[in-house]
Amino acid sequence: MNTEIPNGYMKNSRGDLVLIENIKPIDLLKDQAAIALTKQAIDIHTALVKFKRMALDDIQELIKTAAEKYDLKLGGDKGNITITSFDGRYKIQRTFADQISFGLELEAAKELFLRYLDEVTAGTDGEIRALIDGAFRTTNNGSLRTADLLRLLKYDIKHPDWVRACEALKDSISVDGKTVYITVQERINDSDHYRSIPLSIAAVGGGYDR
């Protein structure tokens, strides 16, 4: 239940009322910055959600129109589709990707991969060891590195422990659904290469070197 904060007071993180005159100036500045930036971030997030929904609706309407009016099937069997402007300058892509999670078998896979490394230490390719170590190392937020784990399955290694490890890894995989992505690309000058227009705050640039 929200209670009105009296004039001249601010509520701290514990829910206590504190006289503003007793709050350090630097803490007041941090409070102002945190609130202002968060409000802007919420607005940007809302705009991105709106853009994604609009883009998906527009693409779906285009697919429907092509089928009904021109008897054309746009996109691949998985629903992925690329739409290019007439001059080839812009490309919009809708792609679907499986949402993958890993079960308890992943621990068995890890043990078997490590056993493989122990048994062939002398002749082990340093790249393979690094790939295994990296694949099972979680991200900063504790998430598994899905792409790195799946990459291990691409190596054609005949050692029994490696084969069993890959079997355990495959058994650990479950597909929980699909995620749809919208990517926007712009042609680089008059070349055949395109650059993505980042829609992620981590990729937009504009930062500074540390």
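Quick note: the sequence shown, position 163, residue 163 per full-length UniProt numbering, numbers continuous.
C-beta atoms are modelled at their ideal positions from N, C-alpha and C, and glycine is treated no differently.
If the criterion is Cβ atoms closer than 9 Å, does the pair residue i and residue j meet it?
| i | j | result |
| --- | --- | --- |
| Arg164 | Leu106 | no |
| Leu144 | Phe51 | no |
| Asp161 | Glu127 | no |
| Ile59 | Ile173 | no |
| Leu149 | Phe102 | yes |
| Leu114 | Ile132 | yes |
| Pro39 | Phe96 | The amino acid occupying residue 39 in the given sequence is Lys; Pro does not appear at that position. No, these two residues do not count as a Cβ contact at 9 Å. |
Please report the Cβ distance between residue i and residue j, rounded to the nearest whole angstrom; I am assuming they are in contact, meaning their Cβ atoms lie under 8 Å.
| i | j | result |
| --- | --- | --- |
| residue 258 | Ala135 | No answer is possible for residue 258: the residues shown for the chain start at 1 and end at 210. |
| Val175 | Asp98 | 5 Å |
| Arg195 | Ile188 | 6 Å |
Beta-carbon within less than 7 Å of residue i's beta-carbon, same chain only, minus the 5 sequence neighbours each way: which residues are those?
| i | result |
| --- | --- |
| Thr10 | Reading off the sequence, residue 10 comes out as Met, not Thr. Within the same chain, Met10 has close Cβ partners Val18, Ile20, Ile23. |
| Leu72 | Ala66 |
| Thr146 | Ile100 |
| Tyr116 | His159, Asp161, Trp162, Ala165 |
Using C-beta distances below 8 Å, list every residue in its chain close to residue i, excluding the 5 sequence neighbours before and after it, in chain order.
| i | result |
| --- | --- |
| Leu62 | Leu74, Ile83 |
| Ile5 | Lys11, Leu17 |
| Ala55 | Ile92, Arg94, Ile182 |
| Thr139 | Arg145 |
Flag residue i as yes when its Cβ comes closer than 8 Å to any non-hydrogen atom of the ligand GTP, and as no otherwise.
| i | result |
| --- | --- |
| Lys52 | The ligand GTP is absent from the structure shown, which contains no ligand whatsoever. |
Closer than 6 Å by C-beta to residue i: which residues in its own chain qualify, once you throw out the five before and the five after it? Chain order, please.
| i | result |
| --- | --- |
| Lys110 | Phe136 |
If you scan the region 113-147 from start to end, which runs of the alpha helix (DSSP H) of 4 or more residues do you find wholly inside it?
Correct list: 126-135.
contact_flag[the region 167-176, the region 78-85] where n(CB pairs < 8 Å) is 3 or more:
Result no; under three Cβ-Cβ pairs closer than 8 Å.
Do the region 180-194 and the region 87-96 meet, that is, are 3 or more Cβ pairs less than 8 Å apart?
In short, these stretches touch, since the Cβ pair count reaches three.
Kindly provide the ranges of any beta strand (DSSP E) runs that are 3 or more residues long and lie completely inside the region 41-92, ordered along the chain.
Counting only runs of 3 or more, we get 81-84.
Can you check the region 177-208 for any beta strand (DSSP E) of at least 3 residues that lies completely inside it and give the ranges in chain order?
Counting only runs of at least 3 residues, the region 177-208 fully encloses the following beta strand (DSSP E) elements, listed from N- to C-terminal order: 194-196.
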